[in-house]
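Take a look at the structure below.
Residue numbers (the UniProt record's numbering): 1 to 305.
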């Protein structure tokens, strides 16, 4: 009491003892809520935002389940932090990231309560291409093997099957970027049949790549003839009576694929038909006469084509 007057008292004296009243807080709750980007491409950043339902009187530290801390300044109600996503790569590994508030302190609030709802962000793959390319021996001798090699521009996370136009399959193991397969060439023979073999990739699967694309360029191999000799041999009757016929026979050590013309030193020609290995021609000896003129006839092959 600072003073008291009136009442017609002889002496009105105020009691100096104070009247004390405790004003109790009614406990009001302030909530802090976490939000983030709904989606982001791998290699980007997620921005986490902590929002108070009331402005802070002192700084507020909001700790997240990923270890990051958001600081909300005094007088404000929002704070942010940016967190890197996994680096961009060539593999199919899109995912979601779920983050919560683990604690929130400061702000001079009567009751600061974190919202337990997680902030969920979808990490979208950026589609990067991995190429698989086919190579082979530049040349190989008939009867040998062509080694086909499939090479990835990035190592496979799971096995990759590369199917070739010749029906062969190359398997590239997980963790590797190269695989091979050996393919037999036509068997060695005596014929002139050198050629080229062109092989391509018809499909490639596996590896957990975002986008696996076969290189369409063919692997071309020259099949070189190994030079094997075929011999043409001439035979004839051991003997014949004058006025008779000598039968000359030309024999090949391998059947002909096309007709063979064998020219003899006597001017005659023997033709060996395709698919056969022998041919003949008849040569007349000098006419029979009364004279003593027996002789020998020697004939050779002058050419064979």
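Every residue gets a Cβ at the ideal spot worked out from N, C-alpha and C, and that includes glycine. Note that the structure is predicted; figures quoted are calculated from it, not measured.
Taking residue 174 as reference, the option from 181, 160, 4, 272 with the minimal CA-CA separation is 160. For residue 252, the uninterrupted beta strand (DSSP E) run begins and ends at 245-252, by DSSP. Residue 72 is bridged by DSSP to 60. Rounded to whole angstroms, the gap between the alpha carbons of residue 41 and residue 131 is 22 Å. Counting only runs that start and end inside the region 159-221, the beta strand (DSSP E) elements of at least 3 residues fall at 160-164, 169-172, 178-184, 195-199, 201-206, 211-214.
In this structure residue 107 is in contact with residue 60, their Cβ atoms being roughly 4 Å apart against a cut-off of 8 Å. Residue 210 counts as buried, since no fewer than 16 other beta carbons sit within 10 angstroms of its beta carbon. Proximity of the region 227-236 to the region 257-267 meets the contact definition, three or more beta-carbon pairs being nearer than 8 Å. The three-state secondary structure of residue 78, taken from DSSP, is strand.
In the three-state reduction of the DSSP assignment, residue 39 falls in the strand class. Apart from the 5 residues on each side of it in sequence, residue 181 sits with its Cβ closer than 6 Å to the Cβ of 148, 168, 170 in its chain, given in chain order. Taking all protein chains in view, the Cβ of residue 164 is crowded by 16 or more other Cβ atoms within 10 Å, so the residue is classified as buried.
Only residues of its own chain outside the window of five on either side were considered, and among them 263 have a CB closer than 6 Å to the CB of residue 303, listed in chain order. Excluding residues up to 5 positions away in sequence, 285 lie with their Cβ nearer than 6 Å to the Cβ of residue 244 in the same chain. Of the residues 57, 43, 51, the one whose Cα lies closest to the Cα of residue 83 is 43. In this structure, DSSP gives residue 102 an extended state, which the three-state scheme calls strand. Between residue 33 and residue 47, the CB-CB gap reaches or exceeds 9 Å. The Cβ neighbour count for residue 7, taken over all protein chains shown within 10 Å, is under 16; the residue is labelled exposed. When the Cα atoms are used, residue 123 and residue 88 turn out to be separated by approximately 10 Å. CA-to-CA, the gap between residue 145 and residue 138 works out to about 12 Å.
Assigned with DSSP and collapsed to three states, residue 283 falls in strand. With respect to the 9 Å criterion, residue 98 and residue 114 are not classified as neighbours on the basis of their beta carbons. Under the DSSP assignment, residue 229 falls outside any beta strand (DSSP E); it carries neither an H nor an E label. A check of alpha carbon separations from residue 162 across 202, 177, 125 identifies 202 as the nearest. Annotation for residue 96: 120, 121, 122, 123 place their beta carbon closer than 8 Å to its own, counting only its chain and skipping 5 residues before and after. Excluding residues up to 5 positions away in sequence, 50, 62, 79, 81 lie with their Cβ nearer than 6 Å to the Cβ of residue 70 in the same chain.
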